[in-house]
Amino acid sequence: MAAIETRDLRKTYVSNKKSPGIKGGIRSLFSREKTTVEAVCGIDLKIEQGELVGFLGPNGAGKTTTLKMLSGILYPTSGYSNVLGYTPSDRKPDMLRRISLVMGNKMQLWWDLPAWDSFIVLKEMYEVDDTRFKKRVDLLIDALQLSDKVNTQVRKLSLGERMKCELVAALLHSPEIVFLDEPTIGLDVVSQKRIRDFLKDLHAEDNCTVLLTSHYMQDVQELCDRVIVIDHGRVIFEGTLDTLTKEFSDVRRVRLTFSTPVVASDLEKYGTIIGDVSETAVIEVARADTASATGAMLQYLPVSDVGIEEIEVEEVIRRLFSEGR
Ligand SMILES: Nc1ncnc2c1ncn2[C@@H]1O[C@H](COP(=O)(O)OP(=O)(O)OP(=O)(O)O)[C@@H](O)[C@H]1O
Ligand SMILES: [Mg+2]
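Residue 39 is where the sequence shown starts when you use the numbering used here, and the numbers rise one by one after that.
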């Protein structure tokens, strides 16, 4: 059985229509006019136990909504969902003990308490026995280098330290499925790297199933075996990151520097021009034609320097969205 499976999962948010201003606000209390947002419009997922899957998409695509439905926080409007054999919206304690949701932009720890106190409360909530708790908490604190931070009030920690404490809290009960909603958001590059390395080790050690959203391609590139891309509440791509890059970018970029400025018309025949042309230019060439096109440009144009680049994954995904596939 797959660890996570959904079929035609949907969520429509319905709220009262509100006109601007105080009067509008009051009127909306009595009005029956509703606005609806179709946040998730029929998503089919199948994630096997032990997979680490990237769940990607632009702002507002429906990622958080989906994760909330899968972790039982939000009731779906319709559709089938199954997490470890449970229907998430039933919120069975047995299921909740086996999953976890971490949200990078929403703290779950008590702000005024040291993280340690929250850990103890969570230990009781999840009924983790003393020996297991001790072993697990030591392991997590050690892996995240947090030992001198857990006794400080959470409000006094840096964003990165807080995020690490959030991770400890979310992983104390050794969940089999971990939903990570932008766990590295807003962090500096060093903290991001630490968290990525930690997640990589955790996944290897626990063999847990992870569904991760992130806007940082580095996270996806380093962590995910497979990606699912959604847009406007629908799946628009599913496969490995390699396939994604290959399918959508069978091109390379040639970056040129000239000894005397050139004009666009000198370059058009070799490929698609990206940006301005003068002393430097970037043109996009089909992967298969890279050598011949570059050779021709070196021969016929005053090229003083040339470099060939792969297109970045971020850009591939951006194109995927703008093409509206
Ligand atoms: N509580 C809510 N009430 C009404 N609309 C909502 C609510 N929460 C989210 N939405 C809308 O549902 C859509 C999907 O939102 P969601 O938060 O799932 O996107 P997301 O993919 O997580 O985006 P981001 O990358 O910005 O986090 C958006 O159009 C959003 O405005
Ligand atoms: Mg989100």
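No residue lacks a Cβ here, since even glycine has one placed at the ideal position from N, Cα and C.
Look at the beta carbons and you see the segment 208-227 not touching the segment 61-73: under three pairs across the two are nearer than 8 angstroms. Between the alpha carbons of methionine 335 and methionine 141 lies a gap of roughly 50 angstroms. Per DSSP, reduced to three states, the secondary structure at glutamine 337 is helical. If you draw a straight line from the Cα of tyrosine 51 to the Cα of glutamate 76, it is about 6 angstroms long. For leucine 134, the enclosing alpha helix (DSSP H) starts and ends at 131-134. Between serine 109 and proline 213, the C-beta spacing is not below 8 angstroms. Remark: C-beta atoms of leucine 240 and leucine 160 do not approach each other more closely than 8 angstroms.
Ranked by Cα distance from arginine 264, the options Arg272, Leu83, Asn54 and Ser53 are led by Leu83. Runs of the beta strand (DSSP E) lying entirely within the segment 137-208, each at least 3 residues long, are 137-141 in chain order. Under the DSSP assignment, glutamate 43 falls in the beta strand (DSSP E) whose first and last residues are 42-54. When distances are taken from the beta-carbon of lysine 101 to the heavy atoms of ligand 2, the shortest one is below 7 angstroms.
Cβ atoms of lysine 238 and leucine 261 come within 8 angstroms of each other, at about 6 angstroms. DSSP places isoleucine 268 in the strand class (E or B) of the three-state scheme. Note on the segment 229-291: whole alpha helix (DSSP H) runs with a minimum of 4 residues are 255-261 and 279-286, in chain order.
Relative to ligand 2, the beta carbon of aspartate 219 is positioned inside 7 angstroms of a heavy atom. According to DSSP, residue pairing for glutamate 348 in a beta bridge involves Arg290. A residue is called buried once 16 or more other Cβ atoms fall within 10 Å of its Cβ, and lysine 101 is buried on that count.
Listed in chain order, the non-local C-beta contacts of threonine 318 below 8 angstroms within the same chain comprise Arg293, Leu294, Thr295 and Phe296, local neighbours out to five positions each way being set aside. In this structure, the straight-line span from the alpha carbon of serine 116 to that of isoleucine 215 is close to 23 angstroms.
Around the beta-carbon of glutamate 199, 16 or more other beta-carbon atoms lie within 10 Å, marking it buried.
Look at serine 119 here: in three-state DSSP terms it is strand. Of the other Cβ atoms in all chains shown, 16 or more fall within 10 Å of the Cβ of glutamate 204; this residue is therefore buried. Secondary structure note for threonine 74: its beta strand (DSSP E) is the uninterrupted segment 72-85. Scanning its chain for C-beta atoms nearer than 6 angstroms, with the 5 sequence neighbours on each side dropped, one finds around glutamine 230 the residues Thr222, in chain order.
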